[in-house]
Amino acid sequence: MSALLLASLLAAAGTPGGQADAGAPPEADARAAADRAALQAALEQARAATARAAALEQQVGALQAAQARDAQRIAALEADLAAERARREQAQRDQAAAGQDLAGAAAGAGSASTALAGGSGAEGDVARAQALAADAARLAGQGSPQAAALAAAAQASLAASRQALANGDLFHARAAVNEARAALQRAQALQPPAGGAASP
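Residue numbers (full-length UniProt numbering): 1 to 200.
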């Protein structure tokens, strides 16, 4: 029974039309008073139940709002985690590629140095080593800035070697190649292992 209906019944019981006649026996008056008391108690219970229901609805609404906020935070954290994993995986791929480029550039510089020591030109070897050193300088930056700087220095030395070769100066061409080879070997030593932390 709703609180509104109970209130209506209680009001009716309290009106002259809802009271016992003046000549009614005392038992009738007692029953009427008991009925009014019962209605009043039921009304208070209904009001209390309504208040509890409203409080519970408020709590449910607050919990639902909190769950929505938590879901948004979780989604944002998951997106950040996925992005961080992607960055880490890309950095590992770049490290591996930089290591291969450094090894190839160092090998090319070694072949060029040997050829130049024998008095032969080595334009092709120097050019390939220079290209690999350039790639290594670009890729090694995230893993080891020092290795990237050494690869860039090797690239500059190889460019100087090519210029000396163009001028027919094998002596300075070989000296520049050897400088590049030494820088490339140092860069290889500074490269972090696959999946490892970068060098400071």
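All residues carry an ideal CB built from backbone N, CA and C; glycine is no exception.
- Item | Span of the alpha helix (DSSP H), counted from its first residue to its last, around residue 111 | Here residue 111 corresponds to residue number 111 of the sequence shown, with the count starting at 1. Annotation for residue 111: the continuous alpha helix (DSSP H) segment containing it runs 26 to 117.
- Burial state of residue 66 (16 or more Cβ within 10 Å): Indexing the sequence shown from 1 puts residue 66 at position 66. Exposed, because fewer than 16 other Cβ atoms sit within 10 Å of the Cβ of residue 66.
- Message: Closest to residue 178 by C-alpha separation, out of 130, 40, 144, would be which residue?
- Response: One-based indexing of the sequence shown puts residue 178 at position 178. Comparing C-alpha distances from residue 178 to each of 130, 40, 144 shows the shortest one belongs to 130.
- Message: Using 8 Å for Cβ pairs, my map puts residue 94 next to residue 111. What's the rounded Cβ distance?
- Response: Mapped onto the sequence shown, residue 94 falls at position 94. Mapped onto the sequence shown, residue 111 falls at position 111. The Cβ separation is near 26 Å, so there is no contact.
- Query: When the Cα atoms are used, what is the spatial distance from residue 71 to residue 154?
  - Reply: The residue you call residue 71 lines up with position 71 of the sequence shown. The residue you call residue 154 lines up with position 154 of the sequence shown. The straight-line gap from Cα to Cα measures roughly 51 Å.
- Contact check, residue 109 vs residue 187, beta carbons under 8 Å: Residue numbering aside, residue 109 sits at position 109 when the sequence shown is read from its first letter. Residue numbering aside, residue 187 sits at position 187 when the sequence shown is read from its first letter. The answer is no: Cβ separation not under 8 Å.
- Task: Please determine, among 39, 102, 86, the residue with the shortest C-alpha to C-alpha distance to residue 147.
- Result: Taking the sequence shown and counting its residues from 1, the one referred to as residue 147 is at position 147. Here the closest residue by C-alpha is 102.
- Message: Alpha carbons only, please: which of 45, 135, 122 is nearest the one belonging to residue 104?
- Response: Position 104 of the sequence shown, counting from 1, holds the residue named residue 104. Measuring from the Cα of residue 104, the nearest candidate turns out to be 135.
- Item | residue 151 and residue 176 closer than 8 Å at C-beta | By 1-based counting over the sequence shown, the position of residue 151 is 151. By 1-based counting over the sequence shown, the position of residue 176 is 176. With contacts defined by Cβ atoms closer than 8 Å, residue 151 and residue 176 do not form a contacting pair.
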